[in-house]
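Working notes, structure below.
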Amino acid sequence: MAALRFMLRAAPDQRVDLAALVPSRLAGIDRAAIERLPIATTRATLAVGDLFRVRGEDAESVVIEGGSARFDRIGEGMEGGTLRVEGDVGACAGRSMRGGRLEVGGSAGPFLGSGMRGGEIEVGRDAGDYLGGPLAGEVAGMAGGMLLVHGHAGVRAGDRLRRGVIVIEGDAGDAVGSRMIAGTLVVCGAAGMMAGTLMRRGTLVLGGPAALPPSFVEAGAPDPVFVRLLARALGGLSRPAARLLLRRGLARSTGDNATLGQGEILWPDSVA
Amino acid sequence: MRGVTRKDLARNGVRIDDSFAEAFDMRATALVITAPTRRWAREAAVTMTGFATSIIGCGAEAGIDTELSGEATPDGRPGVRVLLFSASTAELQRQLVNRVGQCVLTCPGTGCYAGLDGAEQLRLGDGLRYFGDGWQISKKFGGRHFWRIPVMDGEFVIEGSTGLTKGAVGGGNLLLMGRSAAATLRAAEAAVDAMTGVADAIMPFPGGIARSGSKIGSKYKALPASTNNAYCPTLRGAGGTALSPDIASVLEIVIDGLTPDAVAGAMRAGLAAVVALGPEHGAVRIGAGNYGGKLGRHHFHLRELT
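The listed protein sequences correspond, in order, to chains A and B. Numbers in this note's numbering are just positions in the first sequence, counted from 1, shifted up by 214. Numbers in this note's numbering are just positions in the second sequence, counted from 1, shifted up by 3.
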C-alpha cells in the first residue's frame, strides 16, 4: 500500500491544528472522511481537504508534503507508525508521543516533543524554545523516547526533562537542561548562559564553552565506561554526539547544588 | 544399575553404550561481564561461577560460556559471557544478585550487562543499586536501563535486569571410561576442550569434569545422593558393577544448556573428540547416566549423537 500523503495546496492563512493527522487516528477512515476532518483554530472553518490534496491509503505511513510554521500539534499523541513532514512545523509537534517516529525535514517551533514518553522525533533543521519541555502547569517535560535535532535549539531545551535522550547537533540557547529531573541531553555545539540551572539529576553533555551557574562544582573526569556505553548507544543515531563523547579530556561538573545537586555536566576539558 | 545397557556401539575402537543421558528442566540466565582487560573480566567471571558445580549443594550451577571481544560487548571492552542455572526462578534470582554483588561489583573495573533476551526478566542492577546509598544513577537509553553505582575506582555500571529462560536443560552427561586414570583424564580433557566451543552450554564441574558421579539416595537417610558405586572401579567386586575388567577409571562430564539443542550439541562435540582420541590414548568406553527415563523429560541418546 502506498503511504497516505497530504499535499499542501497553499500556505495556510491561519494557525492550524494537525493533531488529527497521526496514523492511529487515520487508520480505518476513508479518504473522503479524512478530507472532512476539521483542523481550523480560528472562527474561519477549515477542513483537511481545504488545505491538502489527499492521496494513498496506508495510514501507518503518513507523509505531509509541504510544511508551515503554522502547522501546530503535528504528531501529537502518536503511538506508532511514521509521520514525515517535508517542511517546517509549528508549536508542540510530537507532543505527548508514546511511540512511532516523527520526521520533520525543516524546522520546528516551540515545545517540540513536549511531554513525550516514547517514540522518536528527528528534525532536519532547528527547533524552537522549550524543546521537550512542559507546558505551563505541568510537573515534568519529556519522559521517554528519543529526540534528535540536526540544527540549533532555542532557550531552555530539555526543561524539566525526566527521562529519554535529546541530542542537539548544533548550538543550544540559554538555560539548556534547566530544571532537569533526570534523562540525558547532548548539545554538540555551544550552549548559552546558565546551562543546567536548577537541574536535580540527569546528564548534560556540552560540546563547547558554557557559563555554568556558580552552584556547580568540578568533579574530575567522567567514568569512561558510562561515557563509552552512551557513545555506542548514540553512534547509530548521531555521529557528532558519539564523537563528542569519545573525545579525550571530558571534564565533569556536578550540580545544581542550589537544588538536589545530583546532576552532571560533561564538557571538553579545554573549556573547563 | 544406572545407565547400564548391554548392547554397545563402537566408533574408532571406542565402545559406546546404547544408553542415554537423562536431563531436567531448569531456569537459567546469562550475563556479560566486562573489564578494562581480559584478565579482570575473567577474574570476575571465574569468581562469580565458583562454588557452582551442582544445585544439590551450591544452589546454582554456573560457568563461562565464552569470551567476547570489545566489538561484542556493550561498552566496547573485553568481556566474558556467563551462564547461571538453578531449579527455581526464586533461587536463581537470589543466586544472581548474591553472586554479582559479591564477585562482580567487588572486582576492579568491571561492568555487568544482560546476556540473554527473555520475555521474563530477573533483577540485576535493579537489585544491587541500593549499594549506591542514594548516589546511584539510573540511565535509560537505546532501549536499555542501566545503573551507575559509585564505587572507589569510579563507577560500577550494571544493567537493570537480564533475561530469564524456563526452557533451559540441566544434567546432560557423558561417562568416560578408560584403562587408566591418566587415559581417562586425557579423554575428558579432550571432550571438555571440544565442548567449550559450543555456544549456550557450560560444564559446571571443576575444569568441566566430575569424578564423583552420584546416584540418587543413600543408605544414610539424611543424604539425597551418594557415590555411584556401579561406576566405582574399586567396588567392582562388590556386585552390581557396570564396569568390565578393563576399566580402571571413570570420569563424568555434566552439561547444562540454555536449550536442549545446546546440550545435544555439546554432547555431540564431546563424543566426537573422545572417539577421535581412540582407546589407546583415551577412553575405551563412553556411557551416559540416567534414571531409567522416569525423572527427567529430556533424553539424549548416545546412538543419535554419535
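Glycine included, C-beta positions come from ideal geometry on N, C-alpha and C.
Can you name the start and end residues of the alpha helix (DSSP H) that residue i belongs to?
i: residue 250 of chain A; result: 245-250
i: residue 61 of chain B; result: 58-61
i: residue 355 of chain B; result: The requested residue 355 of chain B is not part of the displayed model; chain B covers only 4 to 309.
i: residue 221 of chain A; result: Unbroken run through residue 221 of chain A is the beta strand (DSSP E), 217-222; no alpha helix (DSSP H).
i: residue 266 of chain B; result: 263-284
i: residue 408 of chain A; result: No alpha helix (DSSP H) contains residue 408 of chain A, which DSSP labels as neither H nor E.
i: residue 96 of chain B; result: 92-102
i: residue 262 of chain A; result: 262-265
i: residue 196 of chain B; result: 184-199
i: residue 441 of chain A; result: 438-449
i: residue 49 of chain B; result: 41-51
i: residue 457 of chain A; result: 453-460
Starting from the Cα of residue i, find the closest Cα among the options and give me that residue.
i: residue 419 of chain A; options: A:380, A:218, A:291 and A:264; result: A:380
i: residue 81 of chain B; options: B:91, B:50, B:69 and B:89; result: B:69
i: residue 377 of chain A; options: B:175, B:140, B:201 and B:159; result: B:140
i: residue 159 of chain B; options: B:302, B:227 and B:115; result: B:115
i: residue 383 of chain A; options: A:350, A:425, A:347 and A:336; result: A:336
i: residue 399 of chain A; options: A:367, A:305 and A:229; result: A:367
i: residue 299 of chain A; options: A:315, A:291 and A:333; result: A:315
i: residue 180 of chain B; options: B:225, B:234 and B:154; result: B:234
i: residue 275 of chain B; options: B:209, B:305 and B:126; result: B:305
i: residue 111 of chain B; options: B:91, B:63 and B:46; result: B:46
i: residue 71 of chain B; options: B:91, B:42, B:57 and B:104; result: B:42
i: residue 128 of chain B; options: B:63, B:215 and B:151; result: B:151
i: residue 465 of chain A; options: A:254, A:456, A:438 and A:216; result: A:438
i: residue 291 of chain B; options: B:195, B:194, B:176 and B:244; result: B:176
i: residue 135 of chain B; options: A:215, A:405, A:250 and A:476; result: A:476
i: residue 79 of chain B; options: A:275, A:483, A:441 and A:403; result: A:441
i: residue 209 of chain B; options: B:15, B:21, B:52 and B:37; result: B:52
i: residue 216 of chain A; options: A:402, A:393, A:277 and A:395; result: A:277
i: residue 220 of chain A; options: A:403, A:297, A:291 and A:287; result: A:297
Just mark residue i as buried or exposed, buried being the case when its beta carbon has 16 or more other beta carbons within 10 Å.
i: residue 137 of chain B; result: exposed
i: residue 223 of chain B; result: exposed
i: residue 227 of chain A; result: exposed
i: residue 431 of chain A; result: exposed
i: residue 298 of chain B; result: exposed
i: residue 488 of chain A; result: Coverage of chain A is limited to positions 215 through 486, which leaves residue 488 of chain A absent and any answer about it impossible.
i: residue 355 of chain A; result: buried
i: residue 424 of chain A; result: buried
i: residue 333 of chain A; result: buried
i: residue 458 of chain A; result: buried
i: residue 267 of chain A; result: exposed
i: residue 270 of chain B; result: buried
i: residue 5 of chain B; result: Below a pLDDT of 50, predicted positions are generally treated as unreliable, and residue 5 of chain B, at 44, falls in that range; no measurement from the model is reported.
i: residue 227 of chain B; result: exposed
i: residue 105 of chain B; result: exposed
i: residue 259 of chain A; result: exposed
i: residue 203 of chain B; result: buried
i: residue 349 of chain A; result: exposed
i: residue 76 of chain B; result: buried
i: residue 99 of chain B; result: buried
i: residue 352 of chain A; result: exposed
i: residue 485 of chain A; result: Unreliable positioning characterises residue 485 of chain A in this predicted model, as indicated by a pLDDT of 45, which lies under 50. The coordinate reading is nonetheless provided below. Exposed: under 16 other Cβ atoms inside 10 Å.
Shorter than 7 Å, the distance from the beta carbon of residue i to the closest heavy atom of the ligand SAH, or not?
i: residue 65 of chain B; result: As far as ligands go, the structure on display features none, and thus does not contain the ligand SAH.
Going by DSSP, what residue range makes up the beta strand (DSSP E) through residue i?
i: residue 126 of chain B; result: 123-126
i: residue 84 of chain B; result: 82-89
i: residue 328 of chain A; result: Residue 328 of chain A -> no beta strand (DSSP E), and no H or E assigned at all.
i: residue 307 of chain B; result: Segment 305-308 is the alpha helix (DSSP H) holding residue 307 of chain B; no beta strand (DSSP E) there.
i: residue 271 of chain A; result: No beta strand (DSSP E) holds residue 271 of chain A; DSSP gives it neither H nor E.
i: residue 141 of chain B; result: 140-144
i: residue 151 of chain B; result: 147-154
i: residue 238 of chain B; result: Residue 238 of chain B -> no beta strand (DSSP E), and no H or E assigned at all.
i: residue 297 of chain A; result: 296-300
i: residue 300 of chain B; result: First-last for residue 300 of chain B: undefined, no H or E at that position.
| Between the region 333-343 of chain A and the region 356-374 of chain A, do at least 3 Cβ pairs fall closer than 8 Å? | Contact holds: three or more Cβ-Cβ distances are below 8 Å.
How about the region 187-200 of chain B and the region 167-176 of chain B: do they share at least three Cβ pairs that are nearer than 8 Å? Too few Cβ pairs lie closer than 8 Å, so no.
- Query: the region 368-381 of chain A: which residues have C-beta closer than 8 Å to a C-beta of chain B, in chain order?
  - Reply: Closer than 8 Å at the C-beta level to chain B, one finds these residues of the region 368-381 of chain A: 377, 378 and 379.
> Relative to chain A, which residues along the region 75-101 of chain B have a C-beta separation below 7 Å, given in chain order?
Replying inline: Taken in chain order, the members of the region 75-101 of chain B whose beta-carbon sits within less than 7 Å of a beta-carbon on chain A are 77, 78 and 79.
(message) Which residues of the region 383-408 of chain A have a Cβ closer than 9 Å to any Cβ of chain B? Give them in chain order.
(response) Along the region 383-408 of chain A, the positions whose C-beta sits under 9 Å from a C-beta of chain B are 396, 397 and 398, read in chain order.
Taking only beta carbons into account, state which residues of the region 463-483 of chain A come closer than 7 Å to chain B, listed in chain order. Those would be none; no residue qualifies.
| query | Is the region 23-36 of chain B touching the region 436-452 of chain A in the sense that three or more CB pairs, one from each, lie closer than 8 Å? | reply | No, because fewer than three Cβ pairs between the region 436-452 of chain A and the region 23-36 of chain B fall closer than 8 Å, the two stretches do not touch.
Of the residues that make up the region 160-184 of chain B, which ones have a beta carbon closer than 7 Å to any beta carbon in chain A?
The region 160-184 of chain B vs chain A, Cβ under 7 Å: 160.
*Going along the region 136-161 of chain B in order, which residues come within less than 8 Å of chain A, judged by CB to CB distance?*
Answer in chain order: 138, 140, 141, 142, 143, 144, 145, 147, 149, 151, 157, 158 and 160.
Note to self: With three or more beta-carbon pairs closer than 8 Å as the criterion, would you say the region 241-260 of chain B touches the region 464-472 of chain A?
What the structure shows: Counting Cβ pairs under 8 Å, fewer than three are found: no touch.
- request: Kindly confirm or deny that the region 277-285 of chain A and the region 220-237 of chain A touch, where touching means at least three C-beta pairs closer than 8 Å.
  value: Per the Cβ contact rule, the region 277-285 of chain A is in contact with the region 220-237 of chain A (3 or more Cβ pairs under 8 Å).
Q) In the region 100-118 of chain B, which residues sit with their C-beta less than 7 Å from some C-beta in chain A, listed in chain order? A) Within the region 100-118 of chain B, the residues whose Cβ lies closer than 7 Å to some Cβ of chain A are 114, listed in chain order.
Chain-ordered residues of the region 423-453 of chain A with a beta carbon less than 7 Å from chain B
Per Cβ criterion, the list reads 437, 439, 440, 442, 443, 444, 446 and 447.
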